[in-house]
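Heads up, the thing below is written out as structure tokens.
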Amino acid sequence: MNKLRIIDIITNPKINEVININGWVRTRRGSKDISFVALNDGSTIKNLQIVVELSKFKEDLIKKITTGSCINVEGVIVSSSGSEQTLEINAKKINILGSADSSEYPLQPKKHSLEFLREKAHLRFRTNTFSAIFRIRHGLTFAIHNYFNNNGYLNIHTPIITGADAEGAGEMFRVSNLDLNNLPKNEKNNIDFSKDFFGKQTNLTVSGQLEAELGALALGKVYTFGPTFRAENSNTSRHLSEFWMIEPETAFADLNDNMDLAEDFLKYCITYCMEKYKDDLNFLNHRLEEEEKNLKKEERSGMSLLERLNFIVKNTFERITYTKAIEILKNSKPNKKKRFKFIINGFGDDLQSEHERYLVEKKFGKPVIITDYPKGIKSFYMKMNEDNLTVRAMDILFPLIGEMVGGSQREENLEKLSARMSEMGVDQKELWWYMETRKFGTCKHSGFGLGFERLMMFITGMKNIRDVIPFPRTPQNAEF
Ligand code: 4AD
Ligand code: MG
């Protein structure tokens, strides 16, 4: 295998050195005597320019150096007078590793729409935009593990197949190996799940939280980072049916500690990407500027990519209660003038992304954390406040996206938890193991969930969540 990569040559060029490099051809242009090949190997957004003197090579070979083909080049590094690069390679030998018939290859050297590229997700890694996105996706993953490792958190792998429904029924994918054409029935003529693979009904998890809590109540600080699955039929630009979630859970931490952690964590991850992925972010910043030129003023985001990243890193997040947020929203101009799609009437209303964005972008001009939501619109495990109306929940709101993080302090008192579960119709028998952590050595603890692709959207400036995960799963779509 050839170990040299384009990033190595560009960061540490040794003029006159003979090198051997593999990559995919982005473009070939030039005259009848000479061709300039832009070669990319995925290690950087930058292409390496290969100078091919046509007289030195067979015509058959030259014809195969087309966009999309994979080649191996041996050549000498020379300095270049071109405006786009300071060095180039004078090709001595070229091998075609894999040709790409230009009459069939779907990615031509021109601008393709993101929708088109979604249908070619198996090849879109080869575009500048998607190679930048997936390098950053890797970097962000790494930053997340780094952050928690540096702060004493243990990574635990919570199950993907689960017998419990963490957040409330109705949005889970069933896991079964029963024969759908010949389902076993019990005496009541219902499906007999005792005959199913696990001897009970099982689903794909919607969250690793409940199991993470078990870990935290022994290991102190834990986090999960895994795929989660939701069968909601929400076909929006911010929802996936399969997405990745980061869920830390901290023993002896209250809601304030939880918010401090989330804010520090988000700032760390964004700063990490800004420092390590400058070239890719500059490229995406420019891409977004170009994209927005074609939009009407009111559709533009009003912030460049780099501005929005600094917006998170440089601001202290505003923390307000849900009750205060409702008051602000109720009296806001877009509410009074009925410009919101969902009008805010008062306490109990759920916040939509238009309200969240108003608070962040118009009212405060910084990221906002909303706390103490009404119990009726939040999950059973959240700690009840003394008012008996609100729970110790928090949502972190970002510009352009709305909800980025959802979390809470957990109800650690067995009686209160049990009462809430009855009230909300959550099966206590099914969750006997969760209840036992409240029975044996319970303590105050808190955690949150960050939607990995939501943060990816924010960092890359992509407007559709389908463009920040390699192979998106959404209603009616599981190709690749
Ligand atoms: O607010 P959610 O539903 O919270 C939980 O699942 C808790 N168990 C988290 C916890 O406390 N440990 O989801 C958390 C985050 C949301 O804020 C959002 O960023 C993201 O997950 N998210 C989605 N991302 C993509 N597609 C979807 N369908 C998403 N649903 C939630
Ligand atoms: Mg939420």
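Each residue of the sequence shown is one higher than the one before, starting from 39 at the first, in my numbering.
Backbone N, C-alpha and C define an ideal beta-carbon position, used for all residues, glycine too.
- In this structure, Arg492 has its beta carbon less than 7 Å from a heavy atom of ligand 1.
- Per DSSP, Thr428 is one residue of the beta strand (DSSP E) stretching across Thr428 to Phe436.
- Within the chosen limit of 7 Å, ligand 1 reaches the beta carbon of Phe486 through at least one heavy atom.
- Every residue whose beta carbon comes nearer than 7 Å to a heavy atom of ligand 2 appears here in chain order: Asp433, Glu441 and Gly444.
- The stretch 77-115 is shown to contain whole beta strand (DSSP E) runs of 3 or more residues at 86-91, in chain order.
- DSSP places Val351 within a helical segment (H, G or I) once states are collapsed to three.
- In this structure, Leu278 has its beta carbon less than 7 Å from a heavy atom of ligand 1.
- Buried is the label assigned to Trp282, since at least 16 other Cβ atoms lie within 10 Å of its Cβ.
- Under DSSP, Gln447 shares a beta bridge with Ser484.
- Shown here, Val506 sits in coil according to DSSP, grouped into three states, outside any helix or strand.
- Ligand 1 approaches Met283 closely enough that one of its heavy atoms is under 7 Å from the residue's Cβ.
- In the DSSP assignment, Arg156 falls within the unbroken alpha helix (DSSP H) covering Leu152 to Glu157.
- Under DSSP, Ala129 shares a beta bridge with Gly113.
- In the three-state DSSP reduction, Ser73 falls in the strand class (E or B).
- In this structure, Ile103 lies near Val75, with their beta-carbon atoms less than 8 Å apart.
- Relative to ligand 1, the beta carbon of Gly489 is positioned inside 7 Å of a heavy atom.
- Rounded to whole angstroms, the gap between the alpha carbons of Phe163 and Trp471 is 43 Å.
- Taken from the Cβ of Ser460, every heavy atom of ligand 1 lies 7 Å or farther away.
- Taken in chain order, the complete beta strand (DSSP E) segments of 3 or more residues contained in the stretch 310-396 are 356-359.
- The C-alpha of Lys223 is placed about 52 Å away from the C-alpha of Thr165.
- Taking C-beta atoms under 8 Å as the contact rule, Phe303 and Tyr185 qualify, at a distance of about 6 Å.
- The beta carbon of Ile115 is closer than 7 Å to those of Ile47, Pro51, Lys52, Ile53, Asn54, Glu55, Ile57, Leu125 and Ile127 in its chain, skipping five residues each way along the sequence.
- Contact annotation: His277 and Ile439 have beta-carbon atoms that are not nearer than 8 Å.
- Asn332 sits exposed, since fewer than 16 C-beta atoms from the chains shown fall within 10 Å of its C-beta.
- Going by beta carbons, Thr105 and Leu135 fall outside the 8 Å limit.
- With a threshold of 7 Å, the Cβ atom of Ser391 does not count as near ligand 1, since no heavy atom of the ligand is closer than that.
- Listed as beta-bridge partners of Gly440 by DSSP are Phe436.
- The continuous stretches of alpha helix (DSSP H) do not include Tyr411, which lies in the beta strand (DSSP E) extending over residues Val406 to Pro412.
- Within the stretch 203-244, the complete beta strand (DSSP E) segments of 3 residues or longer fall at 240-242, listed in chain order.
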